[in-house]
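Here is the structure we will look at.
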Amino acid sequence: MLFHNILLGSLLCGLAVAVPKWCNTTEKAYLVEEDQAYNWFQALHECGRRNLQLVQIDSKEINDIIVNEVIRPNTVDYGAFFWLGGNDEFNVTSRERDFYWSPSGRKMDFSNWAEGQPDNDEYKEHCVHARGIWAYFRWNDYACDNRLGFICEEHSLAAVGKS
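All residue numbers for the sequence shown refer to UniProt numbering, where the first residue is 1 and numbers rise by one.
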């Protein structure tokens with residue numbers, strides 16, 4: 001009987017999949033999906049089906065909270081990439097373009113771009129992701145069909161507008 005329990009336990013552990021991690025900060029609750037399996041649209045959908053939104057990082061303070069309170073303590077793979085809620089409204093004609101937050105539709109006022117970014121490589125990079133901790137969580141524009149992890153956040157009144 002003990003052998004069967006050990007065998008069953010080993011089989012079940014082998015089938016285990018990583019689950020998204022919840023993190024509560026002083027600002028709000030965040031969900032971190034580290035599995036590099038979602039394109040930007042799937043990440044948007046996954047957040048939405050949980051009544052969340054892809055993260056909108058409006059300031060250095062929020063960026064620091066995300067890095068220090070959400071990503072560092074909750075990420076196993078420091079090389080993981082994460083979709084953020086930003087995009088360039090799929091502007092295919094320019095390397096110099098504005099980016100907007102999908103949750104609110106607001107133009108990005110704060111950014112944490114990596115050196116040389118955004119570059120709209122081959123005019124195919126329209127969605128914003130954050131590189132892993134190894135790259136100091138710097139942002140990059142990336143083709144939206146690449147498969148990455150993502151970060152969701154609770155909806156905020158500031159993001160959806162007060163009625």
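Quick reminder that beta carbons are idealized off the backbone N, C-alpha and C, glycines included.
In this text, all values refer to a predicted model and were calculated from it rather than measured experimentally.
Original post:
What separation, rounded to the nearest whole angstrom, lies between the Cα atoms of E33 and Y123?
Top reply: 27 Å
**OP:** Just the C-alpha distance for F99 and Q53, rounded to the nearest angstrom, thanks.
**Re:** 17 Å
**OP:** Could you pull the start and end residues of the alpha helix (DSSP H) that W22 belongs to?
**Re:** Looking at the DSSP string, W22 is not in any alpha helix (DSSP H); the run it does join, the beta strand (DSSP E), is K21 to N24.
**OP:** Provide the residue span of the alpha helix (DSSP H) that contains G48, from first to last.
**Re:** Unbroken alpha helix (DSSP H) run through G48: W40 to R49.
Subject >> CB contact flag (E154, A29, <7 Å) >> reply: yes
Original post:
Which class does K60 belong to by DSSP, given the choice of helix, strand or coil?
Top reply: Note: K60 maps to helix in three-state DSSP.
**OP:** Would you kindly work out how many angstroms separate the C-alpha atoms of N112 and R49, rounded to a whole number?
**Re:** 28 Å
Original post:
Are the beta-carbon atoms of N74 and C144 separated by less than 7 Å?
Top reply: no
Subject >> Cut-off 8 Å between Cβ atoms - residues of its own chain near N87, not counting five sequence neighbours on either side >> reply: W40, F99, Y100, S102, H126, C127, V128 and C144
Subject >> Y78 (DSSP reduced to helix, strand or coil) >> reply: Residue state, collapsed to three classes: coil.
**OP:** With a threshold of 16 other CB atoms inside 10 Å of the CB of Y136, please say whether the residue is buried or exposed.
**Re:** exposed
**OP:** Just tell me which of C47, R131, I62 and E27 has its CA closest to the CA of D77.
**Re:** R131
Original post:
What do you reckon, are the CB atoms on W83 and L148 nearer than 7 Å?
Top reply: Taking C-beta atoms as the reference points, W83 and L148 count as a pair closer than 7 Å.
Original post:
DSSP on Y123, reduced to helix/strand/coil?
Top reply: helix
Original post:
With a CB to CB cut of under 6 Å and the five nearest residues on each side skipped, what residues in its chain are close to F90?
Top reply: H126
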